[in-house]
Amino acid sequence: MYKVSATKLKANELKAKAIEILIKYKTTDMLQWLMDQNLSDFEDLNVHFPRGKKDERNIDESICFENSGNRYELFYLDDHPVKDHSGKFCLYYNDELVIQTNYEKIYGEYMIFKKIRWSNVDILKLSDYVEDIPKIVVNEKMLRSKKATQLHEEIERIEAEKIYKNIDLGKYK
17 MYKVSATKLK ANELKAKAIE ILIKYKTTDM LQWLMDQNLS DFEDLNVHFP
67 RGKKDERNID ESICFENSGN RYELFYLDDH PVKDHSGKFC LYYNDELVIQ
117 TNYEKIYGEY MIFKKIRWSN VDILKLSDYV EDIPKIVVNE KMLRSKKATQ
167 LHEEIERIEA EKIYKNIDLG KYK
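Take the position in the sequence shown, starting the count at 1, then add 16; the result is the number in the numbering used here.
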């Protein structure tokens, strides 16, 4: 049996600390949330979904946007010509690869779910995106909630008008 060197232990501690920071700021959850969205879901962000290849790998799914002068590109990249159950999740921040880790395809009855896995991170370079991505997502969620509330209020107003128009108590007022 081989003994893990002190250098390797320190390197693993560094990786664990970097992942802890992502978890602390909820960046891991927010990256997953972004990857789970559809184009029509966004209120504030001008997003696009590139297809084709990125760095010689097939794009399985993607979302790209700019916010406050920063460019965010999130990709599920598939290295395999035959679709299987995994690939690489990559985040490019201002054109620099700052996260590369695995993702897993989970086959449901009607859908394929994709889950970012943080246990085997290849690249993790922390910078401002750690705090910015959660703020961007919170803003999107807030705008969606506001829009849903406005829509609900409009529906209720229309229903009330319909009731007032079509219901009359006549002499029983």
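Glycine included, each C-beta is placed from N, C-alpha and C at the ideal position.
Enclosing beta strand (DSSP E) for residue i [first to last residue]
i, result
"Asn86", "86-94"
"Ile75", "73-83"
Element boundaries [alpha helix (DSSP H), containing residue i]
i, result
"Arg133", "Looking at the DSSP string, Arg133 is not in any alpha helix (DSSP H); the run it does join, the beta strand (DSSP E), is 128-133."
"Asn182", "145-182"
"Met198", "Past the edges of the chain, shown from 17 to 189, lies residue 198, and the structure says nothing about it."
"Leu50", "43-51"
Nearest neighbour of residue i, chosen from the options [CA to CA]
i, options, result
"Gln116", "Phe129, Phe91, Ile128", "Phe91"
"Ile35", "Lys24, Lys69, Val146, Glu170", "Val146"
"Lys70", "Ile39, Tyr41, Leu113, Glu29", "Leu113"
Own chain residues within Cβ distance below 7 Å of residue i, not counting five before or after
i, result
"Phe81", "Leu61, Asn62, Val63, Tyr88"
Residue j beta carbon less than 8 Å from that of residue i
i, j, result
"Leu75", "Met51", "Leu is not the amino acid found at residue 75; the sequence shown has Ile there. No."
"Leu140", "Lys24", "no"
"Phe105", "Ile149", "no"
"Ser84", "Tyr109", "no"
Proximity test, residue i beta-carbon vs the ligand MN heavy atom, cut-off 7 Å
i, result
"Glu147", "No copy of the ligand MN appears in this structure; indeed no ligand is present at all."
What runs of the alpha helix (DSSP H), each 4 residues or longer, lie entirely inside the region 98-126?
none
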